[in-house]
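Here the working numbering is used: the first residue of the sequence shown is 7, the next is one more, and so on. Here a beta-carbon is modelled for each residue, glycine too, at the ideal position from N, C-alpha and C. Note sheet for the following structure.
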Amino acid sequence: MRTWFFFLVTVGILPSCNNGSNNISYEGTVPDTISYNFDIRPILSDKCFKCHGPDANKRQVGLRLDIAENAYKALDENPGAHALVPGDPLKSQVFIRISSEDSTMRMPPIESNLPSLTNRQIRLIEKWIEQGAKYEPHWAFVAPEKPALPAVKNNEWPANEIDFFILQKQEQNDLTPNAEADRERLLKRVCLDLIGLPPSLKMMDDFLADTSAEAYEKIVDQLLQEPAYGEKMAVYWLDLARFADSHGFQDDSYRSQWPWRDWVIHAFNENISYKDFITWQLAGDLLPNATKEQILATGFNRNHKITEEGGIIPEEYRVMYVTDRTDMFGKGLLGVTIECAHCHDHKFDPFSQTEYYKLYAFFNNVKEFGIESVVGGPETYAKKPLIEITEEDVNGILDFVNKPDTNQLIVSVMGDLDSLRKTHVLKRGVYDAPGDEVEPGTPESILPFNSQYSRNRLGL
């Protein structure tokens with residue numbers, strides 16, 4: 007779970023060469039091999055897809071540039087011409103139009119309010135066409151492979167493998183790395199990154215006095231042992247999991263989900279494996295001989311808004327809760343906008359509405375109600391399933407819970423019905439418009455569901 011994330015940022019373009027064939031000045035250098043995903047798709051997305059992309063309602067002259075077959079075929083308005091002719095930019099209308107000096111011909115048109123392509127962007131597209139105008143599946147749906155380290159001019163600068171990739175991009179754009187920051191700034195940065203607090207004077211004095219080569223690694227190890235580390239890391243996860251101690255609708259009453267928050271902090275500080283961290287939160291209640299801690303972790307998927315207002319249609323709100331869990335799983339764990347397929351097939355990503363409801367089916371069997379009631383005791387709570395945290399728990403398996411007194415403490419958690427609730431595609435996403443019945447499953451473009459696993463949240 008203690009993973010460092012590095013972002014390679016390409017910045018700045020400086021003048022470079024001139025291509026005499028078209029009298030166009032090309033700024034900056036371009037890679038030897040052009041990648042559709044990393045060099046071309048971003049340009050087309052910014053400059054072209056507005057009129058020539060996946061949205062059929064806004065598409066102009068029948069030209070679609072986001073699919074290779076459509077881009078290669080003859081143009082509807084001029085059958086003798088093609089948007090892209092692999093290997094020949096001068097026969098490719100895309101290149102002819104983006105490089106034209108005639109403002110009535112140049113793409114994107116003035117009335118689109120989109121800026122013209124830069125000289126470097128034009129050069130990238132020209133070279134891409136020369137190299138065959140090869141399309142690639144979106145990188146998010148391609149299994150990553152470890153690349154070879156790129157060649158760089160300054161082999162003395164890189165201190166680790168990531169540095170080679172950063173330096174390569176800098177050298178392509180005639181940039182040079184900054185000098186290393188002084189030790190006071192390095193300490194301040196790592197403290198703010200790991201615990202969200204500035205270093206104490208003693209910590210700074212100790213760090214400056216340590217002249218060993220391992221001084222920085224030692225301070226990192228020290229910070230990882232601080233309780234504030236788990237608190238800092240938990241902030242991001244709580245945002246992702248839509249954590250709140252209130253119901254979230256107009257009649258916004260209090261609820262006690264904070265023991266789940268305490269578990270998240272505890273999990274980071276104990277450095278439990280990412281596998282367990284995710285499995286317990288998605289399906290801790292379904293594990294064999296599940297402990298109370300594992301069940302508490304499933305509060306992750308009960309943090310959604312709950313209503314306690316009168317006059318509602320319970321099934322409408324229950325469907326809303328299931329939808330929330332499905333959408334959060336897509337955004338938070340898969341990193342995709344799966345929720346766009348709630349009402350129709352996804353316009354941009356390879357997800358059908360049927361696939362959305364197959365994923366939805368994993369979260370559709372919870373023993374819950376559409377309306378929350380706080381009248382009476384726990385046996386009448388509509389936010390079941392739930393667990394009660396006792397003094398014995400706090401003094402034992404749940405000793406990380408900061409329970410302030412002996413009052414009854416109830417937390418909403420996951421728990422499935424004894425029977426199987428059927429799941430249907432909801433036409434246009436409407437709760438009372440069921441369509442075809444579906445079984446639990448995962449999007450094919452990400453990872454087809456393996457039949458050796460149970461079709462429940464634990465299998466997911």
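Supposed contact pair residue j and residue i - C-beta distance, whole angstroms, cut 8 Å
| i | j | result |
| --- | --- | --- |
| K224 | D216 | 7 Å |
| P37 | Q178 | 7 Å |
| F274 | Y242 | F274 to Y242, Cβ: 10 Å. No contact. |
| T332 | F369 | 6 Å |
| N160 | L173 | 6 Å |
| V270 | A250 | Incorrect: roughly 14 Å between the Cβ atoms, too far for contact. |
| V419 | L392 | 6 Å |
| V417 | K364 | Not confirmed; about 29 Å, so no contact. |
| I452 | F147 | 7 Å |
| G338 | L246 | 5 Å |
| L100 | E83 | Rather than Leu, the amino acid found at residue 100 in this sequence is Val. Contact doesn't hold; Cβ gap of about 14 Å is too wide. |
| I318 | K389 | About 14 Å separates the two Cβ atoms, so there is no contact after all. |
| F255 | E315 | 6 Å |
| D330 | H310 | 4 Å |
| D470 | V342 | Limits of the chain in this structure are 7 at one end and 466 at the other, which puts residue 470 out of reach. |
Sub-9 Å separation of residue i and residue j beta-carbons
| i | j | result |
| --- | --- | --- |
| G421 | K353 | no |
| I403 | T297 | yes |
| Y362 | V328 | no |
| L415 | I395 | yes |
| L229 | W266 | no |
| A326 | N307 | First, the residue type needs correcting, since residue 326 is Met and not Ala in the sequence shown. No. |
| L340 | L464 | no |
| K238 | I278 | no |
| L466 | A289 | yes |
| L96 | I40 | no |
| D268 | N413 | no |
| R248 | F213 | no |
| Y78 | K140 | no |
| S98 | I128 | no |
| K64 | P114 | no |
| N371 | R427 | yes |
| H253 | F406 | no |
| G447 | P440 | no |
Three-state class that DSSP yields for residue i in the structure shown
| i | result |
| --- | --- |
| H272 | helix |
| P85 | strand |
| V407 | coil |
| Y459 | coil |
| T448 | coil |
| V328 | helix |
| Y323 | helix |
| A80 | strand |
| V91 | coil |
| L426 | coil |
| S418 | strand |
| L200 | helix |
| I30 | Its pLDDT being 43, under 50, I30 is placed unreliably in this model, and the value from its coordinates should be taken loosely. I30 falls in the strand class under three-state DSSP. |
| I395 | strand |
| S122 | coil |
| G382 | With a pLDDT of 46 at G382, under the threshold of 50, the modelled position of this residue cannot be trusted; read the value that follows with caution. Reduced to three states, the DSSP call for G382 is coil. |
| E443 | strand |
| L432 | strand |
| Y260 | strand |
| V1 | Outside the shown range of the chain, which is 7 to 466, sits residue 1, and nothing can be said about it. |
| S105 | helix |
| V372 | strand |
| S51 | helix |
| G465 | coil |
Residue i beta carbon near the ligand COA (any heavy atom closer than 8 Å)
| i | result |
| --- | --- |
| Q359 | Among the ligands in the structure shown, none appear at all, so the ligand COA cannot be discussed. |
Does the region 91–104 come close enough to the region 128–148 that 3 or more CB-CB pairs lie under 8 Å? yes
Indicate whether the contact test is met: 3 or more Cβ pairs, each with one atom in the region 423–442 and one in the region 259–267, closer than 8 Å. no
Is the region 113–121 in contact with the region 49–60, if contact means three or more CB pairs nearer than 8 Å? yes
Decide if the region 159–175 is in contact with the region 61–76; the criterion is three or more beta carbon pairs, one per stretch, under 8 Å apart. no
What alpha helix (DSSP H) runs, 4 residues minimum, are completely inside the region 125–200? 125–136, 167–178, 189–200
Alpha helix (DSSP H) segments (min. 4 residues) lying fully within the region 219–256: 221–230, 233–246
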